Structures are given as C-alpha cells and as structure tokens.
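The block underneath contains the structure these notes are about, expressed in structure tokens.
Residue numbers (this note's numbering): 67 to 532.
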C-alpha cells in the first residue's frame, strides 16, 4: 500500500480520495434507487394482483347476491323482469370471474370452478323459467290458465243444476264447491294432502254422476270433470317439477355461495398479509439503507482522516528533523520509497541528503578545527624558524579541506533550495489542504529559514578561513 501510494502525487491522492468517497455515495444512491424500484414494483403487484383479486372477489359476491335476490323475487312473483335481472347479474358475475382468472394460476383455478358452478346454476334457472312458462306466469296463461278455465266451466255447469230438475243437484253442487275450496287451498299452500282431498272429491263426483239418470247432463258433466282432473293433475305435476328444479337451484347455489365467500375471504386475507409483509420489508429495508448510508459516511470520513493523518504525521517528522538540524546534527533519517513520485517523499529524500551533508560538514569542520589548532601550536613553537616541509603539506591539506567544505556548503544550499520549494508548494495560507496542520507548516517554514541563514553564514565564512 505504501509503495502504491508513494507513486502518486499529493493532488492525485486527494483526487483519488474524493473520487472514492464519491463512488461510495454513488453506490449508496444506486442501492437506495434499486430498493425504491423494488418496493414500487412490490406495491404495484400488490395493487394489480392482490388488490384486483379482492376487487373481483367483491364483484363476484355482489353479483351472486343480486342474482340470488332476483331469483327469490322471481320464485315469489314469477315475472320476466326478475328473470332478466337474474340473467344480467349472471353476466356480471361471469365478467368478474373471467377478469379474476386472468390474474394468476391460482385465481384461474378458482375462476374456472366458479364459472362451472355459475353455468350449472343458470342452466337450472333457465329450466325453472321454462317450467314456469309452461305452468303460466299468471293465472290466465299456460297450465294454470287451462286449469282455471276448466274449473270455471265445471262450476258453471254445476250452478246450472236445480233441485227441481234432478234429485242429485244439491249434492253435486256441494261437492263441486268443496272441490274448488280444496283446489284453492292447494294453490295457496301447496302440499300433497290437498291433492289427495281433491282426488277424493273427484271420486265422489264421479260416483254421483254414475247415479244420474240423465244421459245428456251426465255426459257433459263427466267430460268437464275429466278435463278438470287432467288439467289439475298436469298443474300439480308441473308444480312438483318446479319444486324439484327449485331444490336443484338451491343445491347449485349452496355449492357456489361458499366458494364465492371463501374466495372473498382468501383475497382479503392475502391482501392483508401481503400488505403487512411488504410494510415490514419496507421498514427493514429503510433501516438497512440508513445503516448503509451511515457506514458509507463513516468509511469516507475514516479514509479522509487516514490520508490526513499520514500526511500530517510525515510533515511533523519533517518539522522535527529540520528543527534539530538547526541546533544539532541528528542521526535520524526519514524512510523513503524507491521510485516515489510523491512530493512528500521527494522532500524526505532532500531532507535526508541535507542531514547527511550537514553531518559530513560538521565532521570535516571538527577535523579542520583540530588541524587549525594543531597548526597554531606548531606556529607558536616554530616562530621565526624556517618553514618545514610538513608544515607546508599541512597548510595545503587545510586549503583542500576548505575547498571541499565550500563545495559541500554549495550542495547544502542546493538541497535547502529544494526544501524551500516544497515548503512554498505547501502554502499554509491555502485552505484547499485540510490535511495540513497550520502549526506544522509554520514550524517547517521556520526551520527551513534558519537552515538558509546557516548556509549563508557558512558560505560567507568559508573564503575567509582560506
């Protein structure tokens, strides 16, 4: 990691850091967007599937109730208007069921079963309607009209009989009145008991007719009694068939009604369960998104603090080393990476070179001072005496060392100039470098200034020593 970061300049590091933070937040935004898209799709599915299923289930139940009410109204008051209401409700129920079947496979199975039961129910209602049409939707039509006509004809014939004409007239008239009474009881209340009573009275009437001695009247009454008997029993049989069809319709309705109610309850339960589950998922996803946002913010902050601390720690080492170079000859060196492009690494290399040159310069200066002191002592001992060859060599050696000291002083000045250049780049007044501590920057600048003064003094004093 250090080798990789040392190959980047400070500006590149800062750009990389901000780029990484931006990528982190872009990732958070992308995650939030995908989460919102998924939640929107879930709620859309909730509306389009489960909400629609509940809506269609309500429609099916509503049409089923309307169809049953219209059927009950028709059975109570047989009219074509009620039959048309049954047909209209049946068409509405079929449309709602067809729409339900288009939602998904589960709804399709339920819709198919409802359609089959509804078709069976409507077919039975059509059969019931046909039976009522045959019976007669009112008292003047169908079997009911025929029976009413035959009853009136028989009653009119009985009323024409008088006591003076026939001895059995009163008995016939009484039996016919009793017959009409039991007939009306049957038409109002129904029941096989009244049918048996009517049959018994018909048998009595037939017996009385056999006892009559007037062939013309006997034949006319027998024909009308036979017509009445046939029309009455035809009406009875049709009523029985209508009752059977009614029971079959009730059975069909008993099969379809629980299915419709179960479908409605299932749709309501599924909608409630899915709403609760997706609401819980949305809350959990919201908490997760919040944690991710906090984590991304913390990661960006940690990354920024890490970069700032690395730069600030290195600059503090520079400041301490420069400060020690002013007053002493430190042996500490700043670690550097080979092939680094970082300005801080370049500055560290220059500081290390400057420290090395100062140590060499101080060592040579101490040796030179010792040699100067030795030369002074020799001059005192040999004052007025001719110069010896060793003394000449010593002076030449001192002059050579002074020349080398001058060269190292120039090199020191060159390295110091590079340090000053880096210090100028790290302008303490710039606010674009939040990672740079202002105090460390000022210490670094002051140390570079003191080293510049020292180099100037050495450069000025070196020729004078020569």
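Heads up, the beta-carbon is just placed ideally off N, CA and C, and yes, glycines get one too.
All values derive from a computational prediction rather than experimental measurement.
Asked, Found
"Nearest-angstrom Cα separation, counted from residue 242 out to residue 317", "40 Å"
"Other residues of its chain near residue 498: CB distance less than 7 Å, five sequence neighbours each side excluded", "For residue 498, the predicted model reports a pLDDT of 48, less than 50, meaning its position is unreliable; a value from the coordinates is still stated below. Answer for residue 498: no residue qualifies."
"Per-residue DSSP class, three states only, for residue 432", "helix"
"Element boundaries [alpha helix (DSSP H), containing residue 161]", "146-167"
"Supposed close pair residue 481, residue 412 - CB separation, criterion 8 Å", "Their Cβ separation, rounded to whole angstroms, is 11 Å, which puts residue 481 and residue 412 out of contact at 8 Å."
"Per-residue burial, residue 322 [other beta carbons within 10 Å of its own, 16 or more giving buried]", "buried"
"Of the listed residues 189, 102, 122 and 314, nearest to residue 158 (C-alpha basis)", "122"
"Continuous alpha helix (DSSP H) stretch holding residue 135: start and end", "118-142"
"7 Å Cβ shell around residue 304 - same chain, five flanking residues per side excluded", "197, 200, 201 and 209"
"Backbone secondary structure at residue 400 - three-state DSSP", "coil"
"Helix, strand or coil at residue 231 [DSSP, three-state]", "Summary for residue 231: the model assigns pLDDT 49, below 50, so the residue's position carries little reliability, and this model does not support an answer."
"Neighbourhood of residue 144 by C-beta, 6 Å cutoff - its chain only, sequence neighbours within 5 removed", "198 and 203"
"Segment limits, alpha helix (DSSP H) that includes residue 176", "171-201"
"C-beta atoms of residue 179 and residue 126 nearer than 8 Å", "no"
"Simplified DSSP state of residue 206, which is helix, strand or coil", "coil"
"CB-CB length for residue 193 against residue 286, believed under 8 Å", "Their Cβ separation, rounded to whole angstroms, is 39 Å, which puts residue 193 and residue 286 out of contact at 8 Å."
"Under the three-state DSSP convention, the category residue 257 falls into", "coil"
"Segment contact flag, the segment 137-157 with the segment 358-372, C-beta cutoff 8 Å, min 3 pairs", "no"
"Cβ neighbours of residue 116 in the same chain (closer than 6 Å, five flanking residues each side left out)", "336, 337 and 340"
"Per-residue burial, residue 229 [other beta carbons within 10 Å of its own, 16 or more giving buried]", "Note that residue 229 scores a pLDDT of 45, beneath 50, so its modelled location is shaky and nothing firm can be said."
"Exposure label - residue 177; buried when at least 16 CB within 10 Å", "buried"
"Assumed close pair residue 417, residue 384 - CB separation to whole angstroms, cut-off 8 Å", "6 Å"
"Whether residue 423 touches residue 354 by CB criterion (8 Å)", "no"
"Selection from 252, 104 and 94 that minimises the alpha carbon distance to residue 348", "104"
"Buried or exposed by the 16-neighbour rule on C-beta atoms within 10 Å, applied to residue 249", "buried"
"Alpha-carbon to alpha-carbon, residue 398 and residue 432", "20 Å"
"Residues of its chain near residue 371, where Cβ-Cβ distance is below 7 Å and the 5 sequence neighbours each way are ignored", "none"
"Buried or exposed (CB count within 10 angstroms, at least 16 for buried), residue 427", "buried"
"Rounded C-alpha distance that separates residue 404 from residue 392", "27 Å"
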